[in-house]
Each structure stands twice: as structure tokens, then as C-alpha cells.
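In terms of the numbering used here, the sequence shown is residues 22 to 94.
Backbone N, C-alpha and C fix where the C-beta goes; we use that ideal spot for every residue, glycine too.
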Amino acid sequence: MSSIWNEILTAREASIKLGKNPKYIYFLWKRHSNILLKGSVKMIGRELLITKEGYEYLKALEKKENDLAIIFY
Numbered sequence: 022m023s024s025i026w027n028e029i030l031t032a033r034e035a036s037i038k039l040g041k042n043p044k045y046i047y048f049l050w051k052r053h054s055n056i057l058l059k060g061s062v063k064m065i066g067r068e069l070l071i072t073k074e075g076y077e078y079l080k081a082l083e084k085k086e087n088d089l090a091i092i093f094y
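Here's what the structure looks like:
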């Protein structure tokens, strides 16, 4: 049985793992960005959380963005 805690990251932790500013996901969430996977980010108390699925989605987008940057460079 998979623990739910293996499926959740803090927004700060996920942002850092993506190589971005620690508030990157918070800013996307605050601005209601459609870059985020719908329903993957939620504020619980004072902590913004993102699902592993939402993190993997952002990671794939980030890789595509980096690949495009290399092509046009």
C-alpha cells in the first residue's frame, strides 16, 4: 500500500527540485496559471502542497521548454 505522503510535495520543495525560485509554484498558483495541472495544488493551512502527478507534469513541461531553448540557441 502506497503512503499518501509519498504522493505529495510542498510547493517550495517541488520548485527547488525543478531548479526554480522556491516560490515558483506559489506564484503560478496565486496567478491561477493554467500551466498547473488542474486540482494538483492545494493550500492546507499555511502550506501549499502539490501532488506528485502535478510535479511530474511541470517537470515534463520544463524539459520541453529547455529542449526548445537549446534548439533556438
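Check                                                                                                            : Outcome
Can the beta-carbon of Tyr-78 be found less than 8 Å from the beta-carbon of Ala-35?                             : no
Under 6 Å Cβ to Cβ from Glu-83, same chain only, skipping five residues before and after it: list those, please. : Leu-39
Note down the Cα distance separating Gly-60 from Lys-85, rounded to an integer number of angstroms.              : 22 Å
Once DSSP output is grouped into helix, strand and coil, what is the label at Ile-37?                            : helix
With C-beta atoms as the reference, is Leu-70 less than 8 Å away from Thr-31?                                    : yes
In the DSSP assignment, the alpha helix (DSSP H) including Leu-49 goes from what residue to what residue?        : 45 to 51
Using only the alpha-carbon positions, how far apart do Ile-25 and Lys-63 sit?                                   : 15 Å
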